[in-house]
Amino acid sequence: MAFKLGNKPLPGIAHGGDINKKHKFKIEHKKLDKGVTAEAISENKIVIDKDVPKDSKLYKEAVAHEAVHAKEMAEGRIAYGDDWVRSDGKTYPRKNGKIKYNGEWREEGSSAFPWEQRAMNAEKNV
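Spelled out as structure tokens, the structure:
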């Protein structure tokens with residue numbers, strides 16, 4: 007999932023990078039869409055916006071957050087398609103930047119999603 011930075015800090019963005027020691031993945035740096043700081047592309051790759059300084063707290067937060075998603079993709083716990091998200095065996099519809107969860111369409115990256123809560127909890131380790 008994309009790590010988006012709006013006009014206020016997200017309620018929980020993973021920090022650090024300790025997870026990187028347990029699960030290996032490649033980090034690429036490129037220009038991402040406005041408001042997107044990072045995204046887990048696969049179990050083996052995350053992308054960080056090229057404008058995020060590598061020595062910044064935001065960079066560490068984004069890496070740790072997306073590392074949780076990459077690790078869970080490697081484990082088969084989560085998966086993403088263009089029009090769906092699967093978490094813990096349940097598939098949720100996805101369209102226009104939103105995911106239908108518990109009968110309600112929510113913005114991608116919402117803290118209501120269990121997979122985002124897990125990634126956001128990682129920030130407490132920094």
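The sequence shown lines up with residues 7 to 132 when you count with this note's numbering. All C-beta atoms, glycine included, are put in the ideal place defined by N, C-alpha and C. Computed from a prediction, not measured in an experiment: that's the story for all the values here.
Looking at E114 and the ligand PLP, is the gap between the Cβ and the nearest heavy atom below 7 Å?
Looking for the ligand PLP in the displayed structure turns up nothing, as the structure carries no ligands at all.
According to DSSP, what are the bridge partners of G87?
W90
With a CB to CB cut of under 6 Å and the five nearest residues on each side skipped, what residues in its chain are close to A68?
F9, T43, A44, I54
Following the continuous alpha helix (DSSP H) through A70, name the residue where it begins and the one where it ends.
63-81
Secondary structure at P99, three-state DSSP: helix, strand or coil?
strand
Work out the CA separation of D89 and K130 for me, nearest whole Å.
Taking the straight line from one Cα to the other gives about 31 Å.
Classify E113 as helix, strand or coil using the three-state DSSP reduction.
strand
Taking its Cβ as the centre, do 16 or more other Cβ atoms sit within 10 Å of S117, making it buried, or is it exposed?
Within a 10 Å sphere around the beta-carbon of S117 sit fewer than 16 other beta-carbons, which makes this residue exposed.
My output table needs one value for K130: the three-state DSSP class, helix, strand or coil.
helix
Would you please state the rounded distance, in angstroms, between the beta carbons of H35 and K66? I believe it to be under 8 Å.
So it is not a contact: roughly 14 Å between Cβ atoms.
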